[in-house]
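Note that numbering that gives the first Met the number 0 numbers the sequence shown so that position 148 is 147, with each residue one more than the last.
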Amino acid sequence: MIIEEIMTRDVLSVAPGTSLKDVAQILVANGVSGVPVCGSDGEVLGVVSEADILRKEEGFDPGLPRPLAWLARKLDRELDKISARTAAEAMTAPALTVRPTQQASEVARLMVDNAVNRLPVVVAGRLVGIVSRADLVRAFSRADEEIEREIREDVLLGVMLLDYE
């Protein structure tokens, strides 16, 4: 199964200058946990997620002396996110992206290996969809009969030109 078959095509995205408060409201209002940040030409610049917003709220570790807390945030490359006010300042960049023609199993591996919950789907660098862990789980939970039908139609008939009946 390829990503194009399971991705969401109507994707919410935000501009780099969108305030973090507005991003939070968009996430809550739409029941999503992250959105791509796109330039004016649709190019994916990064992704801002609930985790990025929480990093701002978390701030410095109050259990550490201020200089050590600052150093910890500097080392984990999250120092800028503490003072973020816009999507561009809070986003994780560059965004890990996938193509619509990639296999679902490959994309699932990317998500697990990189500890991400969603991946923008791009063609020529421009956003065309998004695929989430939930999309992949739904794809993998299909009925055996549906998978068998797909194999018969797509592989046996479509690729190998074999009559399976």
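Just so you know, even glycine gets a beta-carbon here, dropped at the ideal spot from N, CA and C.
Under the three-state DSSP convention, the category residue i falls into
i: Gln101; result: coil
i: Ile129; result: strand
i: Phe59; result: Residue placement at Phe59 is flagged as unreliable, the pLDDT there being 46, under the threshold of 50; the coordinate-derived value follows with that caveat. Of the three classes helix, strand and coil, the one that applies to Phe59 here is coil, per DSSP.
i: Val34; result: strand
i: Ile1; result: strand
i: Val43; result: strand
i: Arg117; result: strand
i: Val10; result: coil
Beta carbon of residue i nearer than 7 Å to that of residue j
i: Gly45; j: Met0; result: no
i: Val43; j: Val121; result: yes
i: Arg125; j: Gly41; result: yes
i: Ala83; j: Pro119; result: no
i: Val47; j: Val10; result: no
i: Ala86; j: Val13; result: yes
Identity of the residue in the options nearest residue i by Cα
i: Pro98; options: Val115, Leu135, Gly128; result: Checking the sequence, you will find Arg at residue 98 rather than Pro. The option with the nearest alpha carbon to Arg98 is Gly128.
i: Gln102; options: Val130, Val22, Ala94, Val47; result: Val130
i: Leu53; options: Leu135, Ser32, Ser39; result: Ser32
i: Glu49; options: Val34, Glu4, Arg132; result: Val34
Check whether the stretch 124-142 and the stretch 14-21 are in contact - that is, three or more C-beta pairs closer than 8 Å.
no
How do the stretch 100-112 and the stretch 27-34 stand: do at least 3 beta-carbon pairs fall below 8 Å, yes or no?
no
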